[in-house]
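Below you'll find the structure, written out as structure tokens, and then a few comments.
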Amino acid sequence: MFYLMIFVFILGYTAIALEHPLKINKSATALLLAVVLWVLLMFGGKELLVSTEAFTKYLSEIPGGTFADWLSHHALLEHLGEVSEIIFFLMGAMTIVELVDSHEGFRIITDKIKTTKKVKLLWVTSIITFFMSAALDNLTTSIVMVALLRKLIADRHDRWFYAGMVIVAANAGGAWSPIGDVTTIMLWIGGHVTTVNIMLKTFLPSLVSMLVPLAILSFTMKGTVNRPKSGKDHGHGTPSTSFERNFLFFMGVGLLLFVPVFKTVTHLPPYLGMLFGLGLLWLTTEILHKSKNDEDKAHLTIVGVLRKIDVPSILFFLGILIAVAALQVAGHLTLLSGFLNDNVGNLYVINLIIGVLSSIVDNVPLVAGAMGMYATSFPADHYFWEFLAYCAGTGGSILIIGSAAGVAVMGMEKIDFIWYLKKISLLALTGYIAGGLVYIAQEESGILHTEAQQISSIDLTNRNNIRDYLTSVEFTNSQESGTTTRHFFEFMEDNKTFTGVKNFINSPEGKYESIKMIPASMIIEPLGDKVKLHIQGVNYYLTGDRKLYQEDTSAVNGLGIEWSSSPGGH
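Each residue of the sequence shown is one higher than the one before, starting from 488 at the first, in our numbering.
Shown next as structure tokens:
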């Protein structure tokens, strides 16, 4: 059953990719795929699970519980709840954008964009998308920008190129903001990245991942675009007034911008903020148009706008995420993360692979898996977390169904999967790799490391300073037998302090990793111009100029084996 689930997922994914040749709507395939995978998981039983930890915990809380009860009422409902948050957020954003559009509110922007030159228009829309995505999020921004593109470009296939770049720009813009993408939100809320640091470290790589495809398209796109005829998209005879148009535009955009504020203030999920905005707009339009006749109100109120929402796209989104959730529960994604960790080792390469995989499998469970594996291995603002945010955020642009923004645009514009694969995927991949290389060069050079990371000396009288330094860097020691990279960490759990040591060993025999944790604190003993550290039965000496020695009485220097910190203090 375990391997059958993989086969079924690949089969369903292929059918989604070949939607147009097969003439089978992708939403139908996604829904069937989701249900079949969960049925196989149910029939496979607990023996199919890679890890039974969650099921065992359920049995300890509910004696006499069964696998069927756990899968149906806990595992499935938990994932359905997570997916529903995204679905309601998507529906709310699409409805607000459609309402503003029905009042011709976007004319405030489109009337300011006078150019019809393809290249110039591409740069304008992409840059707007990039920065708007950081302020809102990539999903909301992509919905807004597609609505704008419909007012600017008449030809459908011309508009597809711009919509493709909207996906790339929205995902790039969302990657460098803590509220711009669901994965950066996860890392931010989890305490793995801080606001200033994630913006500082990932802005330039994210910008490059957009600029490279833009530059390439600038050499291939020629000519001008044709604007749609005024009023083409509106079938009603009574257009909204200038006041209504401006009022609904600013109120709608303001409520979209309010969502991250709502989340920060209330600590409630973003979809509730979106539904709050929708409810407020609904009430406002009901009052605003109460004197109009029923025919006009049908086009200008939420009730009428809801009929225009693309339900098949929402069902596709539901199906594909629930299908991936089945693989997550069974443990396929856990095995994938473990395979990368055991066989790749290099953290930069692992993140780059995760980014590519996120265009195939939803990036949320992949990032969640990485967070679970490395939660106690790296401190906040470690380059692993920052690069993970970049890769998971921008890698989803490689395939159109690799991100929430891509799925939303695909549904709104009816973009063919194969068309995107031929026309945009290679551009997105090129930008993704270019941005990744910029991040690696930036990190290895240390040009953006904060003052705390570049500090040249340590206050040996302050235990917190010593601990922060030890847990924020990697130490490397090279011998004939191989190179060992060591990372120390300390954390609290159940009111107990745990000290851990993680080793990455690269020897002629191969690469492997070891982690050891014990319930004890680091013992720090002042010794004049240095301190003696006792960590897991091993003695170390740390000097004020940041040099670490592992005790060895036979060493020439009288201290021991020197461990060098990696560039920039990782």
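Don't be surprised by glycine CBs; every beta carbon is placed ideally from N, CA and C.
Asked: I'd like the list of long-range same chain contacts for L519, defined as Cβ closer than 6 angstroms, with 5 residues on each side in sequence excluded.; Found: none
Asked: Would DSSP call V606 helix, strand or coil?; Found: helix
Asked: Exposed or buried, what is I493 when buried is set at 16 or more other beta-carbons lying within 10 Å of its beta-carbon?; Found: exposed
Asked: Do L924 and I703 come within 8 angstroms of each other at the CB atom, strictly closer than that value?; Found: no
Asked: Of the residues L623, S620 and Y649, which one's Cα is nearest the Cα of V633?; Found: Y649
Asked: Taking a contact to mean a Cβ-Cβ separation below 8 angstroms, would you say V479 touches L586 in this structure?; Found: Residue 479 lies beyond the stretch modelled for the chain, which goes from 488 to 1057, so this question has no answer here.
Asked: Go to L1029, then tell me how far its beta strand (DSSP E) extends in each direction, as first and last residue.; Found: V1025 to T1030
Asked: Would a C-beta distance cut-off of 8 angstroms place M488 and L527 closer than the cut-off?; Found: yes
Asked: Taking only three categories from DSSP, how would you classify I1022?; Found: strand
Asked: Assign E1012 to one of three DSSP states: helix, strand, or coil.; Found: strand
Asked: Would you call the segment 752–761 and the segment 773–790 touching, i.e. three or more CB-CB distances under 8 angstroms?; Found: no
Asked: Assuming T881 contacts S696 (C-beta within less than 8 angstroms), just tell me the rounded distance between them.; Found: 5 angstroms
Asked: So what's S1051 in DSSP terms, helix, strand or just coil?; Found: strand
Asked: Between which two residues does the alpha helix (DSSP H) containing V811 stretch?; Found: V798 to A817
Asked: In chain order, what residues of the same chain have a beta carbon less than 7 angstroms from the beta carbon of I1022, not counting five sequence neighbours either side?; Found: F975, T986, V988 and M1009
Asked: Quick check on R714: does DSSP put it in helix, strand or coil?; Found: coil
Asked: How many Å lie between I789 and L744 at the Cα?; Found: 20 angstroms
Asked: Heavy atom of the ligand MG less than 7 angstroms from the Cβ of V811, yes or no?; Found: The ligand MG is not part of the structure shown, which contains no ligands of any sort.
Asked: At which residue ranges does the segment 631–678 contain complete alpha helix (DSSP H) runs of 4 or more residues, listed in the order of the chain?; Found: 643–662 and 669–676
Asked: Only counting runs of 4 or more residues, tell me where the alpha helix (DSSP H) segments fall wholly within the segment 724–787, in order along the chain.; Found: 729–753, 757–775 and 781–787
Asked: Rounded to whole angstroms, how far is the Cβ of T612 from the Cβ of S620, which I believe are closer than 8 angstroms?; Found: Wrong, their Cβ atoms sit about 12 angstroms apart, outside the cutoff.
Asked: Let me make sure I understand the geometry here. Which of G1024, M738, L687 and F962 has the alpha-carbon closest to that of S1051?; Found: F962
Asked: Give the DSSP-derived three-state secondary structure of N951 in the structure shown.; Found: helix
Asked: Going by DSSP in three states, M708 sits in which element: helix, strand or coil?; Found: coil
Asked: Is there contact here, the segment 892–902 with the segment 652–660, by at least three beta-carbon pairs under 8 angstroms?; Found: yes
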